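Chains as they are written, first to last, in numbering that gives the first Met the number 0: chain A, 0 to 103; chain B, 0 to 345. In this text, a Cβ means the ideal position worked out from N, Cα and C, and glycines have one as well. These numbers were taken from a predicted model, which means no experiment stands behind them. Report on one structure; see the data block that follows.
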Amino acid sequence: MRVDPTLRQALGDGNGFDASSCLNCGSCTALCPLGLELFPRKLFRYALLGARDKLVENTDTVYSCLLCKMCEENCPAGVHITDNVRALRVYLGREVFHLGPRGV
Amino acid sequence: MAPIPIQDTLGMLGDNLERRRSVLPISRRRATAWSRGLEIPARGPTVLYTGQMYQLVPAINAMTHRLSGMEDSWMAGYFGLARRMNRLVNLAGLMARGSPQEVREYNEALRNIARLLLAAHVEFGYLYGVDRYAGALAHDEGLDETLQRHAARVYEDLKAAGVTEVITVDPHTTNLLRSVYPKIVPGYELKVRTYLEVLAALAPKPVERLAEVVTVHDSCLYARREGVAAQPRALLTESGVTIHETELSGKATQCCGGPIEMLFPKRSNDIAARRVEQLAKSADRVVTLCPLCLANLRRVGRPGVEIDDVSSYLVRGYCPRVPNGGAGAELTEPRHAAPAQAVAGA
Ligand code: SF4
Ligand code: SF4
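Set out below in structure tokens:
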């Protein structure tokens, strides 16, 4: 795992990613209908650590989220989980897929 | 063998929104066909805003069907080419025409909604060619720049038409117009209510008692973001419907899998199948509140379980039928004999 020190800032400043209050309790993963071990808790951890390669490796997982808010409704720390997932998509869309009006 | 490529699929849908103002562009004729014969005025301070969601479902179903055939196949490798071609011709539109029966069915749901509002003496217009897709997919997939530009154009059209209030018909358009646009469109000011909220506030008297037992599948967006769960239940119950609630209902509802139907069709179907199993434990009639939930749950289906849009129940409970009309009789288009309700104050 390589650490990109600019990732956290790029996610936070431009896209509003904020999982700093996450208690790492795992309720979100337990309730998520996707049943993916990594999601969303560990993926947020990667983002907080600046592990850009891990995010890119798990693009499918990021885009699998239903944005259904089942997790968020039950998060004890009030983390805006779906806003964070969208922030990851905005980042991946821009920086990795080059989507958008001026994209490839 | 490859999964559906995210970059090219989202790229194609985003290109469509930028160039053709919808992720899956359909003709104006098709988008407005549902309103034929209803004679809804073409303007007014209050309009019924469909956001084309019901009209798009047959196209989305056809697209999802095609994509699921490509998932993990050699064809997935040709998406880049398809995206480049789509910039020149509306390839996505050609790939996703939808079956005529589905087109009729989803149009009928919109007709039912309009009839319900007319029967409750709500005054509203319909903007025909200006009633556009609101951009749900761009929002969900994080295509923020595309969404922002699209939202500004949608709002400009509404303002130019003198609209101050919209009545929405689905959770995605409601969420965008009510909770997302205000954050991304400068100076945005529009009253947004769903037809279910409008009707529930007016508490119309039912014209027929429906002695039916159903369970309700709540939309995640309606229940957890927009506070729409009690209103459809009140309307159903008042017309005689008995609701057997499933354990995961209201704010605890379980998603139908719809939001990932295009990128991950198999995963989406698995989630839908699980949800249908849950619902079937409570009743063999399932009521949905969103056209996408309806499509996704029906796609997997289950023998003996009927899944229908809430409007198909409400129209029977609240709209009068023509006298001596037998089975399949056309419902009357209510005349504006009674004084119209002021929607804004309802
Ligand atoms: S439920 Fe909330 S606090 Fe617990 S791991 Fe998930 S995001 Fe963190
Ligand atoms: S919003 Fe995403 S992460 Fe949360 S429960 Fe739903 S699918 Fe899982």
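Residue i burial status per 10 Å Cβ neighbour count (16 or more: buried)
i, result
"E38 of chain B", "exposed"
"L235 of chain B", "buried"
"Q230 of chain B", "buried"
"E140 of chain B", "buried"
"R85 of chain A", "buried"
"H97 of chain A", "exposed"
"C24 of chain A", "exposed"
"T5 of chain A", "exposed"
"S98 of chain B", "exposed"
"M69 of chain A", "buried"
"Q51 of chain B", "buried"
"Q100 of chain B", "exposed"
"N323 of chain B", "With a pLDDT of 43 at N323 of chain B, under the threshold of 50, the modelled position of this residue cannot be trusted; read the value that follows with caution. Burial call: exposed."
"P4 of chain B", "buried"
"P319 of chain B", "exposed"
"A341 of chain B", "Low confidence applies here, because A341 of chain B scores a pLDDT of 43, under 50, leaving its location unreliable; read the following figure in that light. Per the 10 Å Cβ criterion, exposed."
Beta-carbon proximity of residue i to residue j, cut-off 8 Å
i, j, result
"V285 of chain B", "V304 of chain B", "yes"
"G49 of chain A", "D17 of chain A", "no"
"T28 of chain A", "R40 of chain A", "yes"
"S218 of chain B", "L288 of chain B", "yes"
"I166 of chain B", "L116 of chain B", "yes"
"T241 of chain B", "V212 of chain B", "yes"
"Y53 of chain B", "V168 of chain B", "yes"
"E225 of chain B", "N174 of chain B", "yes"
"E106 of chain A", "H79 of chain A", "Outside the modelled stretch of chain A, which goes from 0 to 103, sits residue 106 of chain A, for which no answer is possible."
"Y125 of chain B", "A41 of chain B", "yes"
"A76 of chain A", "C31 of chain A", "no"
"T145 of chain B", "E17 of chain B", "yes"
"Y62 of chain A", "L10 of chain A", "no"
"M210 of chain B", "G239 of chain B", "The identity of residue 210 of chain B in the sequence shown is Ala, whereas the question assumes Met. Against a cut-off of 8 Å, the Cβ pair of G239 of chain B and A210 of chain B comes out as a contact."
"Y221 of chain B", "Y180 of chain B", "no"
"S21 of chain B", "Y132 of chain B", "yes"
Where residue i falls: helix, strand or coil (DSSP)
i, result
"I259 of chain B", "helix"
"H120 of chain B", "coil"
"T193 of chain B", "strand"
"R51 of chain A", "helix"
"R320 of chain B", "strand"
"E72 of chain A", "helix"
"I183 of chain B", "helix"
"S281 of chain B", "coil"
"P231 of chain B", "helix"
"A18 of chain A", "coil"
"T252 of chain B", "coil"
"D3 of chain A", "coil"
"A9 of chain A", "helix"
"G10 of chain B", "helix"
"S26 of chain A", "helix"
"Y132 of chain B", "coil"
Identified DSSP bridge partners for residue i
i, result
"L47 of chain B", "B:I166"
"I242 of chain B", "B:V213"
"T287 of chain B", "B:H216, B:D308"
Near ligand 4: residue i beta-carbon under 7 Å from a heavy atom
i, result
"V84 of chain A", "Here the bound small molecules are ligand 1 and ligand 2; ligand 4 is not part of this structure."
(Q) Under 5 Å, CB to any heavy atom of ligand 1. Which residues pass, going along the chain? (A) A:C21, A:L22, A:C24, A:S26, A:C27, A:R40, A:C74, A:A76, A:V78
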